[in-house]
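If you're matching them up, the sequences are chains C and R in order. What the first sequence shows, in numbering that gives the first Met the number 0, is residues 0 to 484, in sequence order. What the second sequence shows, in numbering that gives the first Met the number 0, is residues 0 to 436, in sequence order. Every residue gets a Cβ at the ideal spot worked out from N, C-alpha and C, and that includes glycine.
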Amino acid sequence: MPTIPTIFDTSEPGRIAGVQTPKAGDLTGLPAEALRVSKPVLPEVSELQTVRHFTKLSQQNFSIDGNFYPLGSCTMKYNPRGAHRAASQPGFLSRHPLTPAFASQGLLKCFWDLQETLKTVTGMEEVSLVPMAGAQGELAGGLMIRAYHEDCGDFDRDEILVPTAAHGTNPATATMCGFKTREIKVAADGDVDIEDLKRLVGPKTAGIMLTNPSTCAVFERRILDIADIVHDAGGLLYYDGANLNAILGKVCPGDMGFDVLHLNLHKTFATPHGGGGPGAGPVAVNSLLQPYLPIPMVGKLNDEYIWLDENYFPLTIGKLSAFMGNAGILIRALAYALMLGREGMVRVAEFATLNANYLAAELSKAGFQLAYPTRRATHEFLITLNREARDLDVRALDFAKRLLDFDMHAPTTYFPLLVPECFLIEPTETETKAVLDEFVCAMSKIREEAQEDSDIVKQAPHNQVVRRLDEVRAARVLDLTWSAD
Amino acid sequence: MLQSIGVANIDELFDEIPDSVPVANFRSIEHSLTEMEMMQRLSERAREDELSLCFLGAGSYDHHIPAAVWDLATRGEFLTAYTPYQAEASQGTLQLLYEFQTMMASLASLDVANASLYDGGSGLGEAILMAVRSNRSAHSRKIVIGGAVNPFYVKTANTLVRNQGIELVQVPHDNGLFDPLQCDVDDPSAVVVQQPNFYGLLENVDAISNWAAERKALLIAVVNPLTLAVLKPPGEWGASGADISCGDGQPLGVPMASGGPSFGFLCSKMKHVRQMPGRIVGRTLDANGDVGYTLTLQAREQHIRRAKATSNICTNQGLLVTAATIYMSIMGVAGLRHTASRCHENTNYLVAQLEATGRAQRAFSSPYFHECVIRCAGNVDALTKTMISDHGILAGYPLGDIDPTLEDCLLLCATERRTREEIDLFVELFSRILKES
Ligand SMILES: Cc1ncc(COP(=O)(O)O)c(C=O)c1O
């Protein structure tokens, strides 16, 4: 397939989409020094040229709609079109964010319902829907933990503990909250090293951030002990909800000792990921942290839904966005929750876990090395291609690129860093057994290829729109915008 | 499948969860609905909130969106892809982002743009953090917020930056404008100014830019991207131009949708690029020497740099950027210019007609663009309520909420979508309601 010229390359001076151009307005009276004289570089193309260009570009993407996409930690399950349609109705799409609550009862009712649902799902006391992605939920959580300690007169707690395997957003968030990060070792079986935790925890501990199932894709079995250790030292527990899909309807983070958490609605609640976003990362807390929740939330006064702002929550950590977060994503998540219902939600964790354990078992039988062979897979699992790297000189990266030629998106690679040459594989509950079997076949085939002629794998992909890209060059010879020459 | 795994039933797969953790109780969650039933319920709620006319702006604007924009943006290949980690399988999204970066940087007349932040408010917070990291010569961690910067943005930014010892110093507006001479911080790390400002007024951006440069402060320009087709872009302000520009991309083909999802954009001079938060796409070559696109400068980001990253942002607002890129392609310079100027003319007409009723008057006398503050002879809260309840009209933003000196004032705008008839109707109702109150 040929590469597609940029839309600027197809521009011709003066060409416009006339039907999209309103009559020019009068600018007389504006001060000359405030006006633009330079001409910005925007495409000069017809509407058809635009439509064709972006249609072609879209065809160069892998997506859930088109491909198996077992990207670990990202929960790439089917995104129901009905949820998208529900949120795209004019009453929702054309609502101005500053419309008063009395004229927004339909929307507020949706937010109320979602808050209530998420309280049940998490087993927590109170929910704020405003954070716009997981990382912003983490920030909100960190700030609440900080506010709580400061209100207790505890100003020395400036350390956040995270396992070495934690997602990068955890330590990055700690920094944004003004904390220092201290990393706890992970034991050989994938659980947090309790002795190391005991060594690190203390009067400087503000809290700990954990994912459960962990980023090693196993259930943190001693979670209640960890909770006791951290609580006894005066710290709080943060739950990174990226992996909630694994336990939905089975157990609640609120029953595992967590004080605060976020959910990734673009993972567990199937809102589309849009090639990088938007998401939504609601936070849930127990009663300790309730006063600090980010605003606004939705409350009920008599029979009316109202916005709860700083007047109701004077200790709030504040606003996280100009208006109400990613409102449209919240509606999609509610639609998904309504369609799943009570019985569907339990099936999510069950079938996600069944699919992952089946795929792990089949890959293991096919001779691939599970990172934690004595452990159950959760909704995802880790394999290490260390042996293949050593014996065949093909790395996880090479396997990943070659999988694309089999029309499958690669799993997450090289995360967590502590497992060498790893794949984090999350098939999700919406895939059939046949698709999982195809994946095992593809992996085995790639290994065979590597045994015969490793170059086939090392130089993959072969059938994509581009061959392997030179990332080093991209960072060294910065080309971040198009220009005519 | 169970046989292959070697278990008797699905429950066994959860046997590593300790028994001491109680089983979840979902009894309070309803039984499942079919898609049809879900749609019926949510349609009813959506209809309940429908209004007919919008004269409200204040950071979110009722613009026309060409039909093709969302038809294309919601193709499954854009809608259901993840962040483009596997570049070779994501060339569509990556090339689109490269084109977006080009368009945004050029609109702002700056060198680079990132692939988006969450929204305008959090984007300002990130811009401030970026400026503080980048301005190594600064002695203070004080940020001057000049006059009428969007108050929702300032509140949001404050949540994001105050934990890192950064202080936002708000300089009150003088007749609606930022006057640097009234600022008593003389060593700010950065200065934030909005053009047009929250009240729609045109700031003297050249003088402000020079004032900031003399103090070795970085200048952060908060802008409405649509207006950049008409107004002097941040990169051309004063002798050296703004360093960083940010704002909300909603006017570029994104529905108001209760304020989100839209997207925050961030542009800067090249010398600050290594302090930029968020994803950035670069053009490079593949193994055959052909052109391709990939995420780049990733050593700034959380997945590599962890606690030392420029930000914790991971998921951004990709789909909205997709829509905005398609929007800008269809509209081109002429489309954006005409849309912006039409908004201005419509708002001008609205203001003139309101003044002609004798019940309203501009609150500030200096030039404005696209949006305007009106002082009303009467109770604005009652007016806006009646307008909604009786006529389904959003009659502007009552400014008393954010500035007690503007208690009888409304912030109004009439976008390109408003017809003369609609504006005339609004003016007539405005006059009648105020007379009766
Ligand atoms: C374990 C984990 N934590 C946090 C995040 C961050 O979430 P988001 O991308 O929604 O900001 C992710 C997502 O990639 C994740 O996998």
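Inter-residue CB distance, residue i and residue j (contact presumed, cutoff 8 Å)
| i | j | result |
| --- | --- | --- |
| V217/C | D239/C | Contact doesn't hold; Cβ gap of about 15 Å is too wide. |
| G105/C | R44/R | 3 Å |
| T226/R | H63/R | Rounded, the Cβ-Cβ distance is 16 Å, inconsistent with contact. |
| L160/C | T204/C | 6 Å |
| Q58/C | E235/R | So it is not a contact: roughly 38 Å between Cβ atoms. |
| P83/R | L294/R | 6 Å |
| F264/R | P224/R | 7 Å |
Buried versus exposed, by CB contacts within 10 Å (16 or more), residue i
| i | result |
| --- | --- |
| A238/R | exposed |
| S27/R | exposed |
| C440/C | exposed |
| I303/R | exposed |
| L217/R | buried |
| D118/R | buried |
| E303/C | exposed |
| N196/R | buried |
| V22/R | exposed |
| N66/C | buried |
| Q450/C | exposed |
| N211/C | buried |
| L300/C | exposed |
Through-space distance from residue j to residue i, alpha-carbon basis
| i | j | result |
| --- | --- | --- |
| R475/C | D469/C | 10 Å |
| S363/C | Q2/R | 14 Å |
| L405/R | P277/C | 36 Å |
| G343/C | I392/R | 41 Å |
| V44/C | S267/R | 27 Å |
| Y198/R | R419/R | 23 Å |
| T172/C | F178/C | 9 Å |
| P260/R | P250/R | 12 Å |
| P276/R | Q297/R | 10 Å |
| P290/C | L235/C | 15 Å |
| L339/C | S31/R | 5 Å |
| F262/R | G248/C | 33 Å |
| D185/R | A107/R | 27 Å |
| T314/R | V185/C | 26 Å |
| A60/R | H95/C | Per the sequence shown, residue 60/R should be read as Tyr rather than Ala. The alpha-carbon atoms of Y60/R and H95/C are separated by roughly 8 Å. |
For residue i, the residue or residues it bridges with in DSSP
| i | result |
| --- | --- |
| F422/C | I382/C and T412/C |
| C266/R | A112/R and S244/R |
| Y311/C | None, per the DSSP bridge assignment. |
| I373/R | R361/R and L409/R |
| R522/C | With chain C running from 0 to 484 in the structure shown, residue 522/C is simply not present. |
| V143/R | V168/R and V190/R |
| Q368/C | T383/C |
| Y237/C | M208/C and V259/C |
| F67/C | M407/C |
| W485/C | Any answer about residue 485/C is impossible in this case: the structure gives chain C only from 0 up to 484. |
Short CB-CB distance (under 7 Å) between residue i and chain C
| i | result |
| --- | --- |
| G277/R | no |
| E166/R | no |
| A312/R | The question names Ala, but residue 312/R in the sequence shown is Ile. True, the Cβ-Cβ gap to chain C drops below 7 Å. |
| Q274/R | no |
| K154/R | yes |
| K141/R | no |
| N315/R | yes |
| I422/R | no |
| K231/R | yes |
| C375/R | no |
| T414/R | no |
Within-7 Å CB hit, residue i to chain R
| i | result |
| --- | --- |
| A449/C | no |
| V259/C | no |
| M407/C | no |
| F268/C | no |
| A326/C | yes |
| Y357/C | yes |
| K203/C | no |
| C215/C | no |
| L41/C | yes |
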